[in-house]
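Engineer:
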Amino acid sequence: MESMGTLTPSTLSRTDLPWQLAWSREKCTLCGQCTAVCPVRAIELGVHRKRVVQVGLGLAEKPGNVFSVYHGIRQKTEPAFACIGCGMCDLVCPNGAIRPVRGGEPDKLRFHNNAGGVPRRRGGRRNDPRSLLDEIKFIRISMLTDPALDAGRHDFELRTLLGRILPPEALVRAVQDNGWIPPVREIYPLIIGSMSFGALSPNMWEGLQMGVAYLNEEMGMPVRICTGEGGCPPRLLRSRFLKYVILQIASGYFGWDEIIHALPEMKEDPCAIEIKYGQGAKPGDGGLLMWYKVNRLIAAIRGVPPGVSLPSPPTHQTKYSIEESVAKMTQSMAMAWGFRVPVYPKISATSTTLAVLNNLTRNPYASGLAMDGEDGGTGAAYNVSMNTMGHPIASNIRDAYLNLVKVGKQNEIPLFAGGGIGKNGNLAANAAALIMLGASGVQIGKYIMQAAAGCLGSETDRCNICNIGLCPKGITSQDPRLYRRLDPEQVAQRVVDTYLSFDTELKKIVAPLGRSTSLPIGMSDALGIADATAAERLRISHVL
Amino acid sequence: MCRLFAVTSREPLSPMTAVHALNVMKEGHDGSGMGLFLTDLGGSFERFRGSPILSGIFSNEGLRALDRYLMDLDFTVKYKLSIRPAQIPPAGTPKRDNYVVRAYDYPPDWLALPQEEREHRLMLTRLRLRQMGEADGSMLIFSFWPDVIMIKEVGDPMELAGYLGLDHEELQARVILAQGRQNTNYAINIYACHPFFIQGYATMTNGENTAFVPIREFLTSRNYAGYTGYQSDSEVFTHILHYTQKGLGLGLDLYKHIITPLKDGELGHHPNGTKLKQIKQACRPLIIDGPNCVIGCLPDKTIFMVHDSKKLRPGIAGGSPGMFALSSEVCGLDAAIPARNKSTDIQPMKYDTVMIPPGRDEVIRWNQWER
Ligand code: SF4
Ligand code: SF4
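Protein sequences appear in the order of chains A and Z.
Anchor point for the first sequence: position 517 equals 517 in our numbering, and the numbering is continuous, going up by one each time.
To get our numbering, take the position in the second sequence, counting from 1, and add 1000.
1. Specify, as a first and last residue, the run of the alpha helix (DSSP H) that Z/Leu-1036 falls within.
2. Any C-beta of chain A sitting closer than 8 Å to the C-beta of Z/Ala-1282?
3. Using C-beta distances below 6 Å, list every residue in its chain close to A/Gly-85, excluding the 5 sequence neighbours before and after it, in chain order.
4. Can you name, in chain order, every residue of its own chain whose Cβ lies under 7 Å from the Cβ of Z/Arg-1096, other than the five neighbours on each side?
5. What residues of chain Z sit near A/Ile-181, judged by a beta carbon separation below 7 Å?
6. Please find out if some non-hydrogen atom of ligand 1 comes closer than 7 Å to the beta-carbon of A/Pro-100.
7. Please tell me whether, using a cut-off of 7 Å, the distance from the CB of A/Ile-187 to the nearest non-hydrogen atom of ligand 2 is below it.
8. Name, please, each residue of chain A whose Cβ falls closer than 8 Å to the Cβ of Z/Phe-1237.
9. CB-CB under 7 Å to Z/Gln-1172, same chain, minus the five flanking residues each way: which ones, in chain order?
10. Could you tell me which of Z/Pro-1107, Z/Gln-1278, Z/Ala-1317 and Z/Ser-1082 sits nearest to A/Val-175, measuring between CA atoms?
11. Who are the neighbours of Z/Thr-1211 on chain A, taking C-beta pairs under 9 Å?
12. Listed in chain order, which residues of the region 1212 to 1231 of chain Z have Cβ atoms closer than 8 Å to some Cβ of chain A?
13. Based on the DSSP output, what are the partners of Z/Pro-1146 in its beta bridges?
14. Three Cβ pairs or more, each shorter than 8 Å: is that satisfied between the region 1191 to 1207 of chain Z and the region 1234 to 1253 of chain Z?
15. When the distance is taken between beta carbons, is Z/Leu-1267 closer than 8 Å to Z/Pro-1157?
16. Just the chain Z side, please: which residues come within less than 9 Å of A/Gly-303 by C-beta, in chain order?
17. Can you grab the Cα-Cα spacing for the pair A/Met-290 / A/Cys-466, in whole Å?
18. Starting from Z/Pro-1157 and walking both ways along the alpha helix (DSSP H), at which residues does that stretch end?
19. A/Leu-482: beta carbon under 7 Å from a heavy atom of ligand 2?
20. With Z/Phe-1218 and Z/Pro-1285 assumed to form a contact (beta carbons below 8 Å), what rounded beta-carbon distance in angstroms separates them?
21. With burial defined as no fewer than 16 other Cβ atoms inside 10 Å of the residue's Cβ, what is the status of A/Tyr-277: buried or exposed?
22. Restricting to runs no shorter than 4 residues, where is the alpha helix (DSSP H) found entirely within the region 425 to 450 of chain A?
23. Report back the beta-carbon spacing between A/Tyr-447 and A/Met-221 to the nearest angstrom; my notes put them in contact at under 8 Å.
24. Measuring CB atoms only, is the region 89 to 97 of chain A touching the region 25 to 36 of chain A, in the sense that at least three cross pairs come out at less than 8 Å?
25. Can a CB atom of chain A be found closer than 8 Å to the CB of Z/Thr-1260?
26. Answer yes or no: the CB of A/Gly-454 versus the heavy atoms of ligand 1, is any distance below 7 Å?
27. Taking only beta-carbon atoms, is Z/Ser-1309 less than 8 Å away from chain A?
28. With a threshold of 8 Å on Cβ separation, who are the neighbours of A/Glu-265 within its own chain once the five nearest residues in sequence on each side are excluded?
29. Are the region 526 to 538 of chain A and the region 476 to 490 of chain A touching, with three or more C-beta to C-beta distances below 8 Å?
30. Which residue spans inside the region 1080 to 1159 of chain Z form an unbroken beta strand (DSSP E) run of at least 3?
31. Taking all protein chains shown into account, decide if Z/Tyr-1186 is buried (16 or more other Cβ within 10 angstroms of its Cβ) or exposed.
32. Compute every distance between the C-beta of A/Val-118 and the non-hydrogen atoms of ligand 1, then say whether any falls below 7 Å.
33. Per DSSP, what kind of secondary structure is A/Gln-490 in: helix, strand or coil?
34. Among the candidates A/Val-407, A/Gln-248, A/Met-195 and A/Ser-201, whose CA atom is the shortest distance from the CA of A/Arg-296?
35. Give the residues of chain Z in contact with A/Ile-165, contact being defined as C-beta atoms less than 8 Å apart.
36. Considering only the alpha carbon of each residue, which of Z/Ala-1225, Z/Lys-1246 and Z/Val-1148 lies closest to Z/Gln-1131?
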């Protein structure tokens, strides 16, 4: 038997990999673009030997072999170089000669991508394309007694509130006595959730910020964007555009030195402060920016040395008890801006959400609660955290809302839902469903990366290498050779397109329900689902 | 679509005025019910101004239970209106044992109570009675309040009026609210019949309240015993009015601003913008989302009309000093007050509130932009 070379337990064949490359020798011109573009160097130039048996006519000549060599593509099989299915090779190939094809059975790579005892880490989202939100239908269609409205021509008031809202009795008293009225922002219910400067490339960040500014200033849509835990570029902090930005403070406090120092020079207050206690993609785990992405710019903004991994602790270190910490942090953040800026926590959706919420209802400075469900995305996390940790958002938001209804505070603490909204492309329908379950608004991250920048990631484990700085689209890379692929102006344009089409779709949902004068928060009578247990759990109609 | 008619007059009127008006608007209701709210009473009840009047429908057993209950509380009957229906009810109208309209004397120990407390107890008594009769349908209570009579029944208004003898000379009022129902719920529940009443406030509506569920949730979570019922999505309009005035101490102008607030951009250049915006935010779950025309009566006997902000339901106000009416269609108004100057009729628009104060001198109209 011929030698097989060295066979180790982790020696895999192409069949064992999740993605296999289909390459056509016919079409390939050997231009080399695919091998150059491949972010993980999964392919290389292959030199293949070929033998052809030649048999002449008659018996005079003995049959012989003709050996030839041809050049083409070789797919590597070492786990570190496994193809991620991004399809960039297909994108750049002038002849359509190469494309990744998903293997037919579950791969064997999953048992081996933990070399050195380090479990798999990646970016992206939970690898599960199912979505309960997609199953929710809007069933209360206005007919006859209340004609459905015209989504195209009617006036719609589809804004929401972010901020602690006083109960009406207290508000009337405060107005009479000139008392303190907590700050409240009237905003668009679709928020670009926290993605840090550092996790995202500068071009992506700039594009998103430009898109948001355009929506506000040209389209009259009060869209807000959250910074994530990575600080905020100094010029933005000192610009009038800061009012469209929600500054996030998380357990690593990255960037807050810069923010605090900029305070006296701020022309505008930020929209709000989000205190991150958790996120949906990796609940109970702190933020993580891996060293690949910590270049000098990022390091400067975050106030750290370049080239080191930046893991934030899972919890705020100042914490003595959660109640105290939430109360203290909320209050001190509110105080830093003279009680003019709403401050609210963001948590991972969890079965203990109600305990958090009950605490917030008693804290007069808590301006809302953002809840991030298990389908949330992240720039970097352990695969196990992403796939298995966390609570689905639908029942969590419903429980939280109904709990607030029970104590009569449903209008006082707005709930914002995140995690998996639009994961299968149904952004407006998913957002509307969550709003009708009780959310005051929704936060999106992955969706805007897909829609505005062409992110290739998926819930079936495509690409998802956002953590190592090699994002083939330049969205989550800090390498200028990669992020210059992304034109900030075009990202901005796509942000605007996305919001405008969302707005139309949202109207196409609420108009037939006969709603136009206010966002239908908690309008659960409009919702139905075929799954009886889900209907019962969410307290919505069971429809078949 | 239900038909609405309200009239206010210096001289007491028979409810037949309103029934006639409903009758000419007949094509808009299907005879599935009529509701009448009478206040500023004339006739025999004028003498009992301060005494609470109980209105409802009782089975014989229910009536006995009522007597027992109120007697235990030390209420004493002061005056009864005898409604003796004809032998055969009109098609669709159930045969009832007793239609009750009775004025009571307060229990002696209530007299020393502050008015607020007495009114609260009166409401709780009504709710308790309603609850007692809920299971077996032996008691249907519409109101229990001084100077208020309510009559509700299933059937065509005109036929009902004949059947119940509503032209009774004892039955007179200076303010009448009347609704002819178009049933939108399959089972006809008399508690879903307008007008709705709570503590001197009454409203009736046509149309559909698409924001009903969140509004109901908000009201029921106010922890106020009276905010209950909601067999009809329109009951919330009455309770929002009550909440605005009794709970928050705000006026009718703010009722309009609460149920149909101006948009934020509009509030930016409203003279009272900041305050209105704060109230809008605090009362956000009370924003209605029509289409609705709301006609109501306040405890001081002012009647008013407002619309949802889409104004997909019409409404008209007109009359002459001494007598004015609000109607969902002009033909109803024409039937009730034919000899008026029609050029002064007002069809309120989406920002308007029209009201006729108890002096009945004029229709006052104001616009959300003014206050
Ligand atoms: S699909 Fe992506 S990872 Fe796979 S070979 Fe092509 S470029 Fe490389
Ligand atoms: S395209 Fe970039 S952002 Fe999207 S999954 Fe791949 S690496 Fe992550």
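Every residue gets a Cβ at the ideal spot worked out from N, C-alpha and C, and that includes glycine.
Remember, predicted model here, so these are calculated numbers, not experimental data.
Structural biologist: This is what the structure gives:
1. No alpha helix (DSSP H) contains Z/Leu-1036, which is instead part of the beta strand (DSSP E) from 1034 to 1041.
2. Under the Cβ criterion of 8 Å, Z/Ala-1282 is counted among the residues facing chain A.
3. Around A/Gly-85, the same chain offers Trp-19, Pro-100 and Arg-462 as residues with beta carbons nearer than 6 Å, after the five sequence neighbours per side are excluded.
4. Sequence-distant Cβ neighbours of Z/Arg-1096 in its own chain, meaning closer than 7 Å and more than five residues away, are Ile-1057.
5. Those are Gln-1278, listed as they occur along chain Z.
6. Correct: A/Pro-100 has its Cβ closer than 7 Å to ligand 1.
7. No - ligand 2 has no heavy atom lying nearer than 7 Å to the Cβ of A/Ile-187.
8. Within 8 Å Cβ-Cβ: nothing; Z/Phe-1237 doesn't reach chain A, min ~14 Å.
9. The answer, listed in chain order, is Pro-1012, Leu-1013, Ser-1014, Leu-1041, Gly-1042 and Gly-1043.
10. When only C-alpha atoms are compared, the closest one is Z/Gln-1278.
11. Strictly speaking, residue 1211 of chain Z in this sequence is Ala, with Thr absent from that position. Simply Gly-514, Arg-515, Thr-517, Ser-518, Pro-520 and Met-523.
12. The region 1212 to 1231 of chain Z vs chain A, Cβ under 8 Å: Phe-1212, Val-1213, Pro-1214, Glu-1217, Phe-1218, Ser-1221, Arg-1222 and Asn-1223.
13. DSSP lists Z/Pro-1052 as the bridge partner or partners of Z/Pro-1146.
14. Taking 8 Å as the limit for Cβ pairs, the verdict is that the region 1234 to 1253 of chain Z does touch the region 1191 to 1207 of chain Z.
15. No, these two residues do not count as a Cβ contact at 8 Å.
16. Proximity of chain Z to A/Gly-303 at the Cβ level (cut-off 9 Å) is not reached, the minimal Cβ distance being about 37 Å.
17. Distance from the CA atom of A/Met-290 to the CA atom of A/Cys-466, rounded to whole angstroms, is 10 Å.
18. Segment 1157 to 1164, the alpha helix (DSSP H) holding Z/Pro-1157.
19. Proximity of the beta carbon of A/Leu-482 to ligand 2 is not indicated: no heavy atom of the ligand is located closer than 7 Å.
20. About 4 Å separates the two Cβ atoms, so the contact holds.
21. Burial call: buried.
22. DSSP runs (the alpha helix (DSSP H)) wholly in the region 425 to 450 of chain A: 427 to 437.
23. Rounded, the Cβ-Cβ distance is 17 Å, inconsistent with contact.
24. Put simply, the region 89 to 97 of chain A touches the region 25 to 36 of chain A. At least three CB pairs are less than 8 Å apart.
25. Closer than 8 Å to the CB of Z/Thr-1260 there is at least one CB belonging to chain A.
26. No.
27. It does: the Cβ of Z/Ser-1309 has a partner Cβ on chain A nearer than 8 Å.
28. Within its own chain, the residues whose Cβ lies closer than 8 Å to the Cβ of A/Glu-265, once the five positions on either side in sequence are excluded, are Leu-237 and Arg-238, listed in chain order.
29. By the Cβ criterion, the region 526 to 538 of chain A is not in contact with the region 476 to 490 of chain A, since fewer than three pairs of Cβ atoms, one from each stretch, lie closer than 8 Å.
30. DSSP runs (the beta strand (DSSP E)) wholly in the region 1080 to 1159 of chain Z: 1098 to 1105, 1139 to 1146 and 1148 to 1153.
31. Low per-residue confidence applies at Z/Tyr-1186: pLDDT is 49, beneath 50, and the placement is therefore not dependable enough to give any value.
32. Outside the cutoff, so no.
33. Three-state result, A/Gln-490: helix.
34. Cα-wise, what sits closest to A/Arg-296 is A/Ser-201.
35. Neighbours of A/Ile-165 on chain Z, chain order: Gln-1281, Ala-1282 and Arg-1284.
36. Nearest of Z/Ala-1225, Z/Lys-1246 and Z/Val-1148 to Z/Gln-1131, Cα basis: Z/Ala-1225.
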